[in-house]
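Add 34 to the 1-based position in the sequence shown for this note's numbering, that's all there is to it.
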Amino acid sequence: MRLHQLNPVVESVIAGIIGLAIGAAIMLGYGYDPISAYISLFRGSFGSVYSWAESLANATPLILTAL
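In structure tokens form, the structure reads like this:
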């Protein structure tokens, strides 16, 4: 195994963190608070049983398409 290759899971986590950081920089550039935006995003997606079910219903076609 080559040293410069990363585990695909680690690679995905790093890509997600970079994406969140770039999004936060853009929000800061427009004068918004990225922490409260990300908290609202999480609460809106997983804050209740209904929102959890809606998130799952919206994600199902994407997951099945990826398979």
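For each residue, glycine too, the CB sits at the ideal point set by N, CA and C. Here the structure is a predicted model, which is why all the values come from computation and not from measurement.
Whole angstroms is fine: what's the gap from residue i's alpha carbon to residue j's?
i: Y64; j: A58; result: 10 angstroms
i: P17; j: W86; result: In the structure displayed, the chain extends from 35 to 101; residue 17 sits before or after that span and is not available.
i: G53; j: S46; result: 10 angstroms
i: N92; j: I48; result: 25 angstroms
i: L75; j: I69; result: 10 angstroms
i: S82; j: I73; result: 14 angstroms
i: G78; j: L90; result: 13 angstroms
Just to confirm my understanding: we take residue i, look at its own chain, exclude 5 residues before and 5 after, and list those with CB closer than 7 angstroms. What are they?
i: A66; result: Before going further, note that residue 66 is Tyr rather than Ala in the sequence given. There are no such residues.
Using a Cβ-Cβ cutoff of less than 8 angstroms, which residues in the same chain neighbour residue i once the five nearest sequence positions on both sides are dropped?
i: A71; result: M61
Cutting at 6 angstroms between CB atoms, please list the residues of its own chain near residue i, excluding the five before and the five after it.
i: N41; result: none
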